[in-house]
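Undergrad: For reference, the structure I am asking about is given below.
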Amino acid sequence: MLCCVENRFLPRTAAFFDLDKTVIAKSSTLTFSKSFYHGGLINRRAVLRTAYTQFVFLAGGADHDQMERMRAYLSALCKGWNVQQVKELVAETLHELIDPIIYDEAATLIEEHHTAGRDVVIVSTSGAEVVEPIGDLLGADRVVATRMVVGDDGCYTGEVEYYAYGPTKAEAIKALAESEGYDLARCYAYSDSATDVPMLESVGHPHAVNPDRALRREATLREWPILTFDRPVRLKQRLSAFSLPPRPALMAAAAVSAAALTAGAVWYATRRRAGAASA
């Protein structure tokens, strides 16, 4: 169990979560492959290839070279896709595909961090059009995700504008700490992959979740806590058994807005800390 509500006079803190195999049991991007197939964005061969990639990802964890190949493949695959259509397909199938694969343990941690007064930030290599709706579903306050270049025609060009991977995740966390006033020494981070070591070591409380072999070795050497998440559960099922007290306001400037917010189960959690986003 996490510590109690933090002193509102101390610097703000946050909990940073990788998404795939840390909060949800699969790759968020690859999970939507059938939706994209039915929407006419990809063919059957692409569905089979993404299914195989998902298997490799789940079986042993993708290393750096595999992640780079996956990035190149997905970038080429989505070239020409209409961004609005992608958003609509994700919205239509979000609850059907993602809700059942959210780890109960991760949802509980998110709730506990919110109760303690910390922001929750999802930091994922997957694309923003996929990660942002999942962040909303989870009640995350902020999302850091890969962004693709969109042309004047509203379609992906196949180029990557920002790749949230490896060291760039750590850079994004440090940038958020500067803009939001987070004290990284008192922040938390969770990931399953050794590629996220830079992210984990940038905070005072790193945790390895369902770690791949390389991260398990690193976590053991550094004496980082190692967590096992293995209970996917629908958020609606948790709702009847769990409710949270109101989320505390961490800054005086947010007090008025925070009074209108609740931090019930993750299903109803707030998107963004009132007032802090404009600070």
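If you read the sequence shown in the working numbering, its first letter stands for residue 1411, the second for the next number, and so on. Every residue, glycine too, gets a C-beta built ideally from N, C-alpha and C.
1) Measuring only the C-alpha atoms, how far is tyrosine 1566 from glutamate 1498?
2) Going along the chain, which unbroken runs of the beta strand (DSSP E) with 3 or more residues stay wholly within the segment 1562 to 1642?
3) Who pairs with phenylalanine 1426 in a beta bridge, going by DSSP?
4) Going by beta-carbon coordinates alone, are proline 1421 and glycine 1591 separated by less than 9 Å?
5) Please tell me whether valine 1433 and tyrosine 1513 are closer than 9 Å, where the distance is taken between their beta carbons.
6) From aspartate 1562 to glutamate 1542, what does the alpha carbon distance come to, in whole angstroms?
7) Of the residues Thr1605, Gly1564, Glu1502, which one's Cα is nearest the Cα of alanine 1629?
8) With DSSP as the reference, please indicate the residues paired to isoleucine 1434 in a beta bridge.
9) Given a cut-off of 9 Å, decide if arginine 1557 and alanine 1538 are closer than it, judged by their beta-carbon atoms.
10) Taking 9 Å as the cut-off, decide whether the C-beta atoms of tyrosine 1598 and alanine 1424 are in contact.
11) Taking 9 Å as the cut-off, decide whether the C-beta atoms of proline 1642 and alanine 1618 are in contact.
12) Check whether the Cβ atoms of leucine 1548 and valine 1530 sit closer than 9 Å, and answer yes or no.
13) Using the rule of at least 16 other Cβ atoms within 10 Å of the residue's Cβ for burial, across every protein chain shown, is alanine 1486 buried or exposed?
14) Check this for me: beta carbons of aspartate 1593 and asparagine 1620, under 9 Å apart or not?
15) Just reading off the beta strand (DSSP E) that alanine 1555 is part of, what are its end residues?
16) Should serine 1589 go down as buried or exposed, given a rule of 16 or more other Cβ atoms within 10 Å for buried?
17) Which residue from Val1496, Arg1626, His1523 puts its Cα closest to that of aspartate 1602?
18) Indicate the three-state DSSP secondary structure (helix, strand or coil) for glycine 1537 in the structure shown.
19) What residue from Val1500, Glu1611, Val1496 has the CA that sits closest to lysine 1579's CA?
20) Is it true that the CB of isoleucine 1532 sits closer than 9 Å to the CB of leucine 1429?
21) Report all residues from its chain with a CB closer than 7 Å to the CB of threonine 1638; omit the five preceding and five following residues, and keep chain order.
22) Mark histidine 1523 as exposed unless 16 or more other C-beta atoms lie within 10 angstroms of its C-beta, in which case mark it buried.
23) Please report the straight-line C-alpha distance between glutamine 1494 and valine 1500, rounded to a whole angstrom.
24) Among Leu1631, Ala1582, Val1559, which has the Cα closest to the Cα of asparagine 1492?
TA: According to the structure shown:
1) Looking up residue 1566 in the sequence shown gives position 156. Looking up residue 1498 in the sequence shown gives position 88. Rounded to the nearest angstrom, the two C-alpha atoms are 15 Å apart.
2) 1566 to 1572, 1598 to 1601, 1615 to 1619
3) One-based indexing of the sequence shown puts residue 1426 at position 16. Paired residue(s): Val1531, Ala1599.
4) Taking the first residue of the sequence shown as 1, we reach residue 1421 at position 11. Taking the first residue of the sequence shown as 1, we reach residue 1591 at position 181. Yes.
5) Here residue 1433 is taken as the residue at index 23 of the sequence shown, counted from 1. Here residue 1513 is taken as the residue at index 103 of the sequence shown, counted from 1. Going by C-beta atoms, valine 1433 is nearer than 9 Å to tyrosine 1513.
6) The count along the sequence shown starts at 1 and reaches residue 1562 at position 152. The count along the sequence shown starts at 1 and reaches residue 1542 at position 132. Computed Cα separation, rounded: 22 Å.
7) Sequence index remark: in the sequence shown, residue 1629 carries index 219 (1-based). If we check each option's Cα against that of alanine 1629, Thr1605 comes out closest.
8) In the sequence shown, residue 1434 corresponds to position 24, counting from 1. Partner(s): Asp1430, Ile1512.
9) For the purposes of this step, residue 1538 is identified with residue 128 of the sequence shown, where counting begins at 1. For the purposes of this step, residue 1557 is identified with residue 147 of the sequence shown, where counting begins at 1. In this structure, arginine 1557 lies closer than 9 Å to alanine 1538 by Cβ.
10) For the purposes of this step, residue 1598 is taken as residue 188 along the sequence shown, with counting starting at 1. For the purposes of this step, residue 1424 is taken as residue 14 along the sequence shown, with counting starting at 1. Contact flag set, yes.
11) Residue mapping note: residue 1642 aligns to position 232 of the sequence shown, counting from 1. Residue mapping note: residue 1618 aligns to position 208 of the sequence shown, counting from 1. No Cβ-Cβ contact shorter than 9 Å links proline 1642 with alanine 1618.
12) Taking the sequence shown and counting its residues from 1, one reaches residue 1548 at position 138. Taking the sequence shown and counting its residues from 1, one reaches residue 1530 at position 120. Result yes, Cβ atoms of leucine 1548 and valine 1530 sit closer than 9 Å.
13) One-based indexing of the sequence shown puts residue 1486 at position 76. That one is exposed.
14) Reading the sequence shown from its first residue, position 183 is the one you call residue 1593. Reading the sequence shown from its first residue, position 210 is the one you call residue 1620. No. Outside cutoff.
15) Looking up residue 1555 in the sequence shown gives position 145. Where alanine 1555 is concerned, the enclosing beta strand (DSSP E) stretches over 1552 to 1560.
16) Here residue 1589 refers to the residue found at position 179 when the sequence shown is read from its first residue. By the Cβ neighbour-count rule, serine 1589 is exposed, with fewer than 16 other Cβ atoms within 10 Å of its own.
17) Position 192 of the sequence shown holds residue 1602. Of the listed residues, the one whose Cα sits closest to aspartate 1602 is Arg1626.
18) As a working mapping, residue 1537 is identified with position 127 in the sequence shown. In this structure, glycine 1537 counts as strand in the three-state DSSP scheme.
19) By one-based count along the sequence shown, residue 1579 stands at place 169. The shortest C-alpha separation from lysine 1579 is found at Glu1611.
20) As a working mapping, residue 1429 is identified with position 19 in the sequence shown. As a working mapping, residue 1532 is identified with position 122 in the sequence shown. Judged by their CB atoms, leucine 1429 and isoleucine 1532 are nearer to each other than the 9 Å cut-off.
21) Working through the sequence shown from its first residue, we reach residue 1638 at position 228. So the qualifying residues of the chain are Asn1620.
22) Within the sequence shown, numbered from 1, the residue matching residue 1523 stands at position 113. Per the 10 Å Cβ criterion, buried.
23) As a working note, residue 1494 is residue 84 in the sequence shown. As a working note, residue 1500 is residue 90 in the sequence shown. Spanning the two alpha carbons is a distance of roughly 10 Å.
24) Here residue 1492 is taken as the residue at index 82 of the sequence shown, counted from 1. Ranking Leu1631, Ala1582, Val1559 by Cα distance to asparagine 1492 puts Val1559 first.
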